[in-house]
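Chains as they are written, first to last, in this note's numbering: chain A, 2 to 100; chain B, 577 to 1055.
Some notes on the structure that comes next.
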Amino acid sequence: MITKEEVKHIAKLARLHMDSEEEEKFTKELSVIIDYIEKLKEVDVSAIPPTSHPFEVENIVREDTEEKSKPELVAKLIQAAPAREKAYIKVKPILKWSK
Amino acid sequence: MVKIDYFMNLRNLTIKQIHQGLLKRDFSAVELAEYFLREIESKNPDLFAYLFFDKQKVLLQAKQVDEWISEGREISELAGIPFAVKDNILVEGIPCTAGSKILENYIAPYDATVIKKLKRKGAVVLGKTNLDEFAMGSSNEYSAFGICKNPYDKERVSGGSSGGSAAAVAANLAVFALGSDTGGSIRQPASFCGVVGLKPTYGAVSRFGLIAMASSLDQIGPITKTVEDAALVFDVIKGKDPSDSTSLEVKEKELEFNLSNLKAGIPKEFFIKGIDPDVEKVVKEAIKRIEEQGVKIKEVSLPHCTDYALATYYIIMPSEASSNLARYDGIRYGFSWPEAKDLQEVYFYSRAKGFGEEVRRRIMLGTFSLSSGYYDAYYLRAQKVRTLIRQDFQQAFEEVDVILTPTSPTVAFKIGERAKDPLSMYLSDIFVTAVNLAGLPAVSVPCGKAHQLPVGIQIIGEPFQEKKILKVGEFFEKL
């Protein structure tokens, strides 16, 4: 089970706008799925370590050196941004001027 | 006239046979590419396996291979072989949408490592294939651009998420295709479309240039007409890649085995109620045939691998996906809501309008599982059950060499049958997700038909035992 209030809160955390009709729909659908995954509560995991990687591998490290990308690639990556100015990606202001 | 006969039979040619044809100059790489382009042009509007193809780019690649041949250069077996790429794998200079509106106008700025490797061998990229949005789905119905249908029955789904790749190979619109498999997305559509689909060991193939869904599960692998072709393609794409720190060098032992000293395990929990009795019959019949060849069949137990695996998967996968998909912010690439007044609105509306319903559902589910107060009860608990699932397989592999299961509990289902009920859609992956959680290699091979539709058998192996499972797959292929 999940409540509509929780759905609203989760949507906010996930940065998803949701109208109230969608909130209803997601509350219903997510509740069904969450009830299903509740099954895991039947399993005794008290002495079991978690798995975050399927194999026991050692840390992969590399020299901390600078690797330059080709300027054409950099240009293409900038080109992919929806709003640009010269070689920069443009964003909406995050600070407000107070008079 | 000889050439025309050749083309009539092209649909049955394997990579090796095409390679011979090119060497003997029975046809050129350009003629071959033109043949596939014609097939795509005539069949794709109905099937919708491809989201994108560019004739000029295809012919340019093929021409290069013809030049190598005319210069007398030695060419690889994959040179000139036309293949399709799931549209969540980057191919430089052409669109990569991940089946999502949020990436509708995105052009890939570089090649994924797998593409680089295949291009180096001279393989020819035909185009990009349809998928469930961000590879999230089991039917292709969640593609933002329309569904890829099943070539065997246009009223049925091709499977998912690599449905476009499986349908393209099955309908002869490519010699082979690349797919990605997070919880069955190569094997289930391969099974539905009657082709071979290999999910390699976690880390065996570089994922650099694959649009990430769940990073502890995702793998790229081949979808092919034959097991031999799958082995050839896997051989080219595997290996450690400095750009993907999770990739590993594949250490395969040279295999010397025949069916008579092979032990195959059948998990008793996998022949459950809910499985289509006709599918069960076909798979059991195939297992009987392999037993007649001398394979020892042994019942094994994977107690955590049916219900618990799917529940575990539906916590871990959305959790990782919700964090991977945080990068779609309307700022760096992809769709940005033009009417946003401030930064908050850019995030909230670009994501709400750019992502489809299933993607948003999984982001919500993942964010929930990871959120404060629920992390221990869901995500951490799921990671612990994941350990039990791995141990189930480890114990089973102490007794057997491979494990055999149906790939899917049913044949391809009808379009619309499950789309309205997310949970019933998830249940179609009940036999395949455990394999990703344990990081194991598995291949789906056609083993017969039920209701006139293809049925696949899944062969699961120990880590890096791709050769062994493919060898076993070859047997089922001959049935």
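All residues carry an ideal CB built from backbone N, CA and C; glycine is no exception.
Under 7 Å from the C-beta of Thr-673 of chain B: neighbouring residues of chain A
For the purposes of this step, residue 673 of chain B is taken as the residue at position 97 of the second sequence. Under the 7 Å cutoff, chain A gives no residues; its nearest Cβ is about 13 Å from Thr-673 of chain B.
Please state whether the Cβ-Cβ distance between Val-1021 of chain B and Val-733 of chain B is less than 8 Å.
Start at 1 with the first residue of the second sequence, and residue 1021 of chain B comes out as number 445. Start at 1 with the first residue of the second sequence, and residue 733 of chain B comes out as number 157. Cβ distance not < 8 Å, so Val-1021 of chain B and Val-733 of chain B don't count as in contact.
Quick check for students: name the residue ranges of the beta strand (DSSP E) that lie wholly in the segment 756-839 of chain B, counting only runs of 3 or more.
772-775 and 795-800
Counting only C-beta atoms, is Thr-52 of chain A closer than 8 Å to chain B at any point?
Here residue 52 of chain A is taken as the residue at index 51 of the first sequence, counted from 1. Output row for Thr-52 of chain A: interface = yes.
Nearest neighbour of Glu-57 of chain A, chosen from B:Thr-963, B:Val-1019, B:Met-893 and B:Gln-1028 [CA to CA]
Counted from its first residue, the first sequence places residue 57 of chain A at position 56. When each option's Cα is compared against that of Glu-57 of chain A, the closest is B:Thr-963.
Residue environment, His-595 of chain B, which counts as buried when at least 16 other CB atoms sit within 10 Å:
One-based indexing of the second sequence puts residue 595 of chain B at position 19. Buried, because 16 or more other Cβ atoms sit within 10 Å of the Cβ of His-595 of chain B.
For a cutoff of 8 Å on Cβ pairs, would you count Pro-72 of chain A as touching chain B?
The sequence position of residue 72 of chain A within the first sequence is 71, counting from 1. No, its Cβ sits nowhere closer than 8 Å to a Cβ of chain B.
Determine whether the Cβ of Ile-1036 of chain B lies closer than 8 Å to any Cβ atom of chain A.
As a first step, residue 1036 of chain B must be located in the second sequence, where it is residue number 460. Closer than 8 Å: no.
Which residues in chain B have a C-beta closer than 7 Å to the C-beta of Arg-16 of chain A? List them in chain order.
Position 15 of the first sequence, counted from the start, is the residue given in the question as residue 16 of chain A. The contacting residues are Tyr-923, Phe-924 and Arg-927.
Bridge-paired residues (DSSP) for Lys-1112 of chain B
Residue coverage of chain B in this structure runs from 577 to 1055, which leaves residue 1112 of chain B outside it and unanswerable.
DSSP three-state label for Glu-861 of chain B, please.
To locate residue 861 of chain B, count along the second sequence from 1; it is residue 285. Three-state result, Glu-861 of chain B: helix.
Taking DSSP as the reference, what is the three-state secondary structure of Pro-621 of chain B?
In the second sequence, the residue the question calls residue 621 of chain B occupies position 45. Helix.
For Pro-982 of chain B, the first and last residue of its enclosing beta strand (DSSP E):
Within the second sequence, residue 982 of chain B is the residue found at index 406, counting from 1. From DSSP, the beta strand (DSSP E) with Pro-982 of chain B extends over 978-982.
Between the segment 768-779 of chain B and the segment 806-813 of chain B, do at least 3 Cβ pairs fall closer than 8 Å?
yes
Quick check on Val-578 of chain B: buried or exposed, where buried means 16 or more other Cβ atoms within 10 Å of its Cβ?
Here residue 578 of chain B refers to the residue found at position 2 when the second sequence is read from its first residue. Legend: pLDDT at Val-578 of chain B = 46, less than 50; position of this residue unreliable, no value from coordinates given.
Determine, for Met-2 of chain A, whether the minimum Cβ-Cβ distance to residues of chain B falls below 8 Å.
Position 1 of the first sequence holds residue 2 of chain A. Closer than 8 Å: no.
Would Ala-747 of chain B pass as a contact of Leu-627 of chain B if the rule is Cβ separation under 8 Å?
Reading the second sequence from its first residue, position 171 is the one you call residue 747 of chain B. Reading the second sequence from its first residue, position 51 is the one you call residue 627 of chain B. No, the pair does not count as a contact, with Cβ atoms beyond the cut-off.
Report yes if the CB atom of Ala-753 of chain B is closer than 8 Å to the CB atom of Val-661 of chain B, and no otherwise.
Counting from one through the second sequence, the residue named residue 753 of chain B turns up at place 177. Counting from one through the second sequence, the residue named residue 661 of chain B turns up at place 85. Yes, the pair counts as a contact, with Cβ atoms nearer than the cut-off.
Limits of the unbroken alpha helix (DSSP H) element including Thr-52 of chain A:
On the first sequence, position 51 is the one that residue 52 of chain A refers to. No alpha helix (DSSP H) contains Thr-52 of chain A, which DSSP labels as neither H nor E.
Alpha carbon to alpha carbon, how far is Asn-900 of chain B from Ala-88 of chain A? Give it in angstroms, no decimals.
Along the first sequence, read from residue 1 onward, the residue named residue 88 of chain A stands at position 87. Along the second sequence, read from residue 1 onward, the residue named residue 900 of chain B stands at position 324. Distance between the alpha carbons of Ala-88 of chain A and Asn-900 of chain B: 26 Å.
Can you check whether the C-beta of Thr-963 of chain B is within less than 8 Å of a C-beta belonging to chain A?
To locate residue 963 of chain B, count along the second sequence from 1; it is residue 387. It does; some Cβ of chain A falls within 8 Å.
What number of angstroms, rounded off, separates the C-alpha of Ser-618 of chain B from the C-alpha of Ile-866 of chain B?
To locate residue 618 of chain B, count along the second sequence from 1; it is residue 42. To locate residue 866 of chain B, count along the second sequence from 1; it is residue 290. Rounded to the nearest angstrom, the two C-alpha atoms are 40 Å apart.
Name, please, each residue of chain A whose Cβ falls closer than 7 Å to the Cβ of Ser-525 of chain B.
The shown model of chain B, from 577 to 1055, leaves out residue 525 of chain B, and the question about it has no answer.
Counting only Cβ pairs nearer than 7 Å, list the residues of chain A close to Gly-1015 of chain B.
In the second sequence, residue 1015 of chain B corresponds to position 439, counting from 1. Those within 7 Å of Gly-1015 of chain B in chain A are Pro-55 and Phe-56.
So for Lys-93 of chain A, helix, strand or coil by DSSP?
Walking along the first sequence from the start, residue 93 of chain A turns up at place 92. In the structure shown, Lys-93 of chain A sits in coil (DSSP, three-state: anything other than H, G, I, E or B).
Suppose only complete runs of 3+ residues qualify. What are the beta strand (DSSP E) ranges in the segment 649-673 of chain B, listed by chain order?
658-662
Starting from Gly-906 of chain B, find everything on chain A with Cβ-Cβ shorter than 8 Å and list it in chain order.
Here the question's residue 906 of chain B lines up with position 330 in the second sequence. Result: Pro-83.
Could you give the distance in angstroms between the alpha-carbon of Gln-632 of chain B and the alpha-carbon of Lys-692 of chain B?
Looking up residue 632 of chain B in the second sequence gives position 56. Looking up residue 692 of chain B in the second sequence gives position 116. Using only the alpha carbons, I get a separation of about 19 Å.
Would Met-2 of chain A be called buried (16 or more neighbouring beta carbons within 10 Å of its own) or exposed?
Locating residue 2 of chain A in the first sequence gives position 1, where the first residue counts as 1. It counts as exposed.
Comparing the C-beta of Leu-1 of chain A with each C-beta of chain B, is any distance below 8 Å?
The structure shown does not extend to residue 1 of chain A, since chain A is modelled only from 2 to 100, so the question has no answer here.
Roughly how far, in whole angstroms, is the beta-carbon of Arg-957 of chain B from the beta-carbon of Val-46 of chain A, given that I think they are within contact range, below 8 Å?
Indexing the second sequence from 1 puts residue 957 of chain B at position 381. Indexing the first sequence from 1 puts residue 46 of chain A at position 45. Going by Cβ atoms, the distance from Arg-957 of chain B to Val-46 of chain A rounds to 6 Å, so yes, they are a contact pair.
Anyone know if the C-beta pair for Lys-1025 of chain B and Val-1019 of chain B falls short of 8 Å?
In the second sequence, residue 1025 of chain B corresponds to position 449, counting from 1. In the second sequence, residue 1019 of chain B corresponds to position 443, counting from 1. The answer is no: Cβ separation not under 8 Å.
Rounded C-alpha distance that separates Glu-717 of chain B from Gly-735 of chain B
Within the second sequence, numbered from 1, the residue matching residue 717 of chain B stands at position 141. Within the second sequence, numbered from 1, the residue matching residue 735 of chain B stands at position 159. Their backbone Cα atoms lie some 9 Å apart in a straight line.
Shorter than 8 Å from the beta carbon of Lys-695 of chain B to some beta carbon of chain A?
Your numbering for residue 695 of chain B matches position 119 in the second sequence. Output row for Lys-695 of chain B: interface = no.
With 16 other Cβ atoms within 10 Å as the buried cut-off, status of Leu-613 of chain B
Indexing the second sequence from 1 puts residue 613 of chain B at position 37. By the 10 Å Cβ count, Leu-613 of chain B comes out buried.
Lys-40 of chain A touches chain B at which residues, Cβ-Cβ below 7 Å?
In the first sequence, the residue the question calls residue 40 of chain A occupies position 39. Ordered by position in chain B, the residues that pass the 7 Å Cβ test against Lys-40 of chain A are Asp-883, Tyr-884 and Ala-887.
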